[in-house]
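Undergrad:
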Amino acid sequence: MTATVKAADLPMGSVVVDDNRHLVWIACPRPNAAYGRWSVSGSPSYITDREIDAAMEYTARVLREGM
Numbered sequence: 001m002t003a004t005v006k007a008a009d010l011p012m013g014s015v016v017v018d019d020n021r022h023l024v025w026i027a028c029p030r031p032n033a034a035y036g037r038w039s040v041s042g043s044p045s046y047i048t049d050r051e052i053d054a055a056m057e058y059t060a061r062v063l064r065e066g067m
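Start counting the sequence shown at 1; every next residue gets the next number (the working numbering).
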């Protein structure tokens, strides 16, 4: 499955879910330039747009687009 939406195009507050892996990512303001902008459920880590795009190539999907 090819993602039609790119993570970089999703505004802050967007939510991406992966039901198979039980993960949720939320687009947040970056804590600083060295971090990604996606907060990961159950983790203090932030990940990059590229990692979200890779997840959407498999089973992740956009649940909600932010504002």
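Note that beta-carbon positions come from the ideal geometry of N, C-alpha and C, so glycine has one too.
Report buried or exposed for THR2, applying the criterion of at least 16 other Cβ atoms within 10 angstroms of its Cβ.
TA: Unreliable placement is indicated for THR2, whose pLDDT of 48 sits below 50; the coordinate value is still reported in the next sentence. Exposed: under 16 other Cβ atoms inside 10 Å.
Undergrad: Need the endpoints of the alpha helix (DSSP H) that ARG50 sits in, please.
TA: Here the alpha helix (DSSP H) through ARG50 covers 49-56.
Undergrad: Whose C-alpha, out of TRP25, ARG50, ALA34, ASP19, is nearest the C-alpha of SER43?
TA: Residue TRP25 is the option with its Cα nearest to SER43.
Undergrad: Could you have a look at ASP18 and say whether DSSP puts it in helix, strand or coil?
TA: In the structure shown, ASP18 sits in a strand (DSSP, three-state: E or B).
Undergrad: Apart from the five residues on each side of it in sequence, which residues of its chain come closer than 7 angstroms, Cβ to Cβ, to ALA8?
TA: For ALA8, where only same-chain residues beyond five positions count, the Cβ hits under 7 angstroms are ASP49.
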